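Residue numbers (my numbering): 8 to 102.
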């Protein structure tokens with residue numbers, strides 16, 4: 008069966024108009040949840056460890072949207088960029 012998570016780590020990442028690390032690579036990752044806690048800005052996430060941009064991304068989150076990584080989760084660095092520096096990403100990594 009699937010390995011079940013035994014812990015969760017919470018992190019807050021301030022919105023930025025330059026690419027930032029939302030979560031570092033982690034080979035023990037069992038899940039990842041990202042909430043775009045912004046009232047106005049869209050968050051663009053790159054799941055492959057590359058530099059995120061508004062044209063290079065895996066998923067975009069409108070204000071208030073939530074992303075739950077599919078199983079099996081990628082273990083690479085997750086980067087993000089917003090179209091305005093307003094808000095925070097609320098990140099939960101399950102290991």
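Cβ coordinates follow ideal geometry from the N, Cα and C atoms, glycine included.
Predicted, not measured: the structure shown is a model, and the values here were computed from it.
message: Bridge partners for residue 89 per DSSP, in chain order?
response: Residue pairing of residue 89 in beta bridges, as defined by DSSP: 50.
Span of the beta strand (DSSP E) around residue 44: 38-44
message: On the DSSP letters alone, give me the boundaries of the beta strand (DSSP E) that residue 58 sits inside.
response: It is not in any beta strand (DSSP E) - residue 58 carries neither H nor E in the DSSP assignment.
- request: Please determine, among 82, 88, 61, 46, the residue with the shortest C-alpha to C-alpha distance to residue 94.
  value: 46
task: Output the boundary residues of the beta strand (DSSP E) element that contains residue 101.
output: 95-101
- prompt: Under the rule that 16 or more other beta-carbon atoms within 10 Å means buried, what is residue 87, buried or exposed?
  reply: That one is buried.
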